[in-house]
Amino acid sequence: MRIAIIGSRGYPYVYGGFETFVKELSERLVKQDVEVHIYCQKNLFNTFPKQVNGIYLHYIPTLPQKSLNQIIHSFFSIIHATFSKADVLLVVNLAAGPMGWIPKITGKKTMINVDGLEWLRPKWQGLGAKYFYWAAKAATVLYDKIITDAEGMRQVYLEEFNKDSTVIAYGAPDYKKAALNSIDRFSLQAEDYYLIVGRLVPDNNADLIIKGFLESQSTKKMIVVGDVPYNDKYASDLKATQNERLIFLGYVKDQDELMALYQNAFAYIHGHKYGGTNPAMLKAMSNHCAILALDTVFNREMLNNGEYGFFFEENADSVGRMLEKMESEPEKIQELKDKVSLGLTEKYNWEKITQAYKNEMAKLLIKK
Numbered sequence: 046m047r048i049a050i051i052g053s054r055g056y057p058y059v060y061g062g063f064e065t066f067v068k069e070l071s072e073r074l075v076k077q078d079v080e081v082h083i084y085c086q087k088n089l090f091n092t093f094p095k096q097v098n099g100i101y102l103h104y105i106p107t108l109p110q111k112s113l114n115q116i117i118h119s120f121f122s123i124i125h126a127t128f129s130k131a132d133v134l135l136v137v138n139l140a141a142g143p144m145g146w147i148p149k150i151t152g153k154k155t156m157i158n159v160d161g162l163e164w165l166r167p168k169w170q171g172l173g174a175k176y177f178y179w180a181a182k183a184a185t186v187l188y189d190k191i192i193t194d195a196e197g198m199r200q201v202y203l204e205e206f207n208k209d210s211t212v213i214a215y216g217a218p219d220y221k222k223a224a225l226n227s228i229d230r231f232s233l234q235a236e237d238y239y240l241i242v243g244r245l246v247p248d249n250n251a252d253l254i255i256k257g258f259l260e261s262q263s264t265k266k267m268i269v270v271g272d273v274p275y276n277d278k279y280a281s282d283l284k285a286t287q288n289e290r291l292i293f294l295g296y297v298k299d300q301d302e303l304m305a306l307y308q309n310a311f312a313y314i315h316g317h318k319y320g321g322t323n324p325a326m327l328k329a330m331s332n333h334c335a336i337l338a339l340d341t342v343f344n345r346e347m348l349n350n351g352e353y354g355f356f357f358e359e360n361a362d363s364v365g366r367m368l369e370k371m372e373s374e375p376e377k378i379q380e381l382k383d384k385v386s387l388g389l390t391e392k393y394n395w396e397k398i399t400q401a402y403k404n405e406m407a408k409l410l411i412k413k
């Protein structure tokens, strides 16, 4: 079986969830004798090897303009893959939703992981939001298989587009105890800080969380890991609020350090609103964090309606109240840390996820 993976930034480049997904999935598929081709954004690479770890790489140019680069890169990648020897095209970018007709020219089978509710994200306003809604609707008609990564997302597509999908979750990392000195360079003490991990974009609600924290009676620090790879007023305004209790670390690329930050946090705070299964939350669960999450259907699904974490409403007052409540109940925090990893059922196991994708691809080829 030959597959082409289109829509991420590439391999082994890791920027966010989709790049991690592509890395974890493709490396496992190769070990199962699947020939994997990944399409990479050429401008992000300094060297251009044709093969890495048994995975074939194709470097396709795009524009640096953030609102168009995904669409342009996906379009030219799909054109290339359509006339390649690939049996199945796996697309991991909703921007390519309207392009599902192209591979039909040569009879390719297609599947798309639709990710989150892109058309609701604040960064896509006006025409951008309309495009992503149209792209989602088009994807349900043009692709042979729709993949959602959470039951809540499956319900959205059923209700909004009258289209069922196959649910295959995102994988959780294995737990590995971090060295005690892994957070030394950050001058932090264990249990003395809250942790936020994610891109500094409005729908992740870092501004709301920070406001609630600063207005609360919390005695702890707030550590923010993440940024955006472009100049952005929202992110710049957030970083301008830094003080001795609110610290922005930017990207933490050393995975041992990142895991240590999770493991030594008093609690992890998750404000993501529009995604399905979230990689940062899975890391928090894997690393035995107490979790305070925005109350959404997706976060409730991951935390089993509060069995594995607390929730806050979408306002700063709710954040502040919950922080004060958590600091007054250290025994409850420890209880959550002791049991949160039990929520990582088999559906979050990368081996099971890989097999599920392989099975769905095989089903598509049988229908040929």
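Just so we're aligned: the sequence shown equals residues 46 to 413 in the numbering used here. Ideal Cβ placement from N, Cα and C applies to all residues, glycine included. Just so it is clear, the structure is predicted and the values come from calculations on it, not from any experiment.
query: Three or more beta-carbon pairs under 8 Å between the stretch 209-216 and the stretch 168-175, yes or no?
result: The stretch 209-216, when compared against the stretch 168-175, does not touch it at the 8 Å Cβ threshold.
field: alpha helix (DSSP H) segment containing F355, residue limits
entry: Premise fails: F355 lies in the beta strand (DSSP E), 355-357, not in any alpha helix (DSSP H).
message: By the DSSP assignment, the beta strand (DSSP E) with T155 in it spans what residues?
response: In the DSSP assignment, T155 falls within the beta strand (DSSP E) that extends over 154-158.
task: Give me the Cα-Cα distance between K222 and D299, rounded to the nearest whole angstrom.
output: Rounded to whole angstroms, the separation of the alpha carbons of D299 and K222 is 14 Å.
query: Would you say the beta carbon of F128 comes nearer than 7 Å to a heavy atom of the ligand GDP?
result: This structure lacks the ligand GDP, and indeed carries no ligand of any kind.
query: Does DSSP put L240 in a helix, in a strand, or in coil?
result: Secondary structure at L240: strand, using DSSP grouped into helix, strand and coil.
- prompt: Could you check where the beta strand (DSSP E) with E80 kicks off and where it finishes?
  reply: Unbroken beta strand (DSSP E) run through E80: 80-86.
Continuous alpha helix (DSSP H) stretch holding I378: start and end: Element bounds for I378: 375-384.
task: Return helix, strand or coil for Y101, following the three-state DSSP convention.
output: If DSSP states are grouped into helix, strand and coil, Y101 belongs with the strands.
Beta-carbon gap between N98 and E69 smaller than 8 Å: Annotated as distal: N98 and E69, with beta-carbon spacing of 8 Å or more.
- request: Taking only the alpha-carbon atoms, compute the straight-line gap between L102 and Y279 and give it to the nearest angstrom.
  value: Their backbone Cα atoms lie some 35 Å apart in a straight line.
field: Which residues DSSP lists as bridging K266, in chain order
entry: Note: K266 sits in a beta bridge opposite Y238.
- prompt: Where A310 and E236 are concerned, what is the direct C-alpha to C-alpha distance, given to the nearest angstrom?
  reply: Looking at the two C-alpha atoms, the distance is approximately 5 Å.
message: In whole angstroms, give me the CA-to-CA distance for V137 and N394.
response: The straight-line gap from Cα to Cα measures roughly 19 Å.
- request: Return the CA-CA distance between S227 and Y238, expressed in angstroms with no decimal places.
  value: Taking C-alpha positions only, S227 is separated from Y238 by approximately 15 Å.
- prompt: Does DSSP put R199 in a helix, a strand or coil?
  reply: In the displayed model, R199 falls within a helix according to three-state DSSP.
task: Quickly, what does DSSP pair G295 with across the bridge? List them, please.
output: G295 is bridged to V270.
- prompt: How would you label W146, buried or exposed, when you count the other beta carbons within 10 angstroms and need 16 or more for buried?
  reply: Exposed, since its Cβ has fewer than 16 Cβ neighbours within 10 Å.
message: Quick check on DSSP: helix, strand or coil for Y313?
response: Looking at Y313 - three-state DSSP - the assignment turns out to be strand.
- request: Under 8 Å by Cβ, that's how I've got H315 and A335 pegged, so tell me the actual separation to the nearest angstrom.
  value: Not confirmed; about 11 Å, so no contact.
field: Cα-Cα separation, R244 to Q115
entry: Using only the alpha carbons, I get a separation of about 17 Å.
message: Let's see if you can read the secondary structure: which residues bound the alpha helix (DSSP H) around V75?
response: Segment 62-76, the alpha helix (DSSP H) holding V75.
message: Here's the rule I'm using: 16 or more other beta-carbon atoms within 10 Å means buried, otherwise exposed. How should T127 be labelled?
response: By the 10 Å Cβ count, T127 comes out buried.
Contacting residues, own chain, Cβ-Cβ under 8 Å from T151 (five flanking each side not counted): If you ignore the 5 residues before and after T151, its C-beta comes within less than 8 Å of the C-beta of T127, F128, all in its own chain and listed in chain order.
- prompt: Expressed to the nearest angstrom, what Euclidean distance is found between the alpha-carbon atoms of S53 and A329?
  reply: Here the alpha carbon of S53 sits roughly 23 Å from the alpha carbon of A329.
- prompt: Roughly how many whole angstroms lie between the Cα atoms of K403 and V81?
  reply: Roughly 12 Å separates the two Cα atoms.
task: Provide the residue(s) that pair with I192 in DSSP beta bridges, ordered along the chain.
output: Answer by DSSP bridge pairing, in chain order: N158, T211.
- prompt: Applying the criterion that 16 or more other CB atoms from any shown protein chain within 10 Å of the CB defines a buried residue, is E163 buried or exposed?
  reply: It is buried - the Cβ of E163 has at least 16 other Cβ atoms within 10 Å.
Cβ-based burial, F93 [other Cβ within 10 Å; buried from 16]: For F93, the number of other beta carbons within 10 angstroms of its own is below 16, and it is reported as exposed.
DSSP state of I228 mapped onto helix, strand, coil: The answer is coil: DSSP assigns I228 none of H, G, I, E or B.
message: Which complete alpha helix (DSSP H) runs does the stretch 104-155 hold, if anything under 4 residues is left out?
response: Whole alpha helix (DSSP H) segments, 4+ residues: 114-127.
query: Using the rule of at least 16 other Cβ atoms within 10 Å of the residue's Cβ for burial, across every protein chain shown, is K190 buried or exposed?
result: The residue is buried, with at least 16 neighbouring Cβ atoms inside 10 Å.
message: I'd like to confirm the pairing. Which residues does DSSP put opposite L339 in its beta bridges?
response: BP columns for L339 point to F357.
field: Opening and closing residue of the alpha helix (DSSP H) in which A482 lies
entry: The structure shown has nothing for residue 482, since the chain only spans 46 to 413.
- prompt: Taking DSSP as the reference, what is the three-state secondary structure of R290?
  reply: In the structure shown, R290 adopts coil according to DSSP, grouped into three states.
task: Express the C-alpha separation of D160 and I50 in angstroms, rounding to a whole number.
output: Rounded to the nearest angstrom, the two C-alpha atoms are 15 Å apart.
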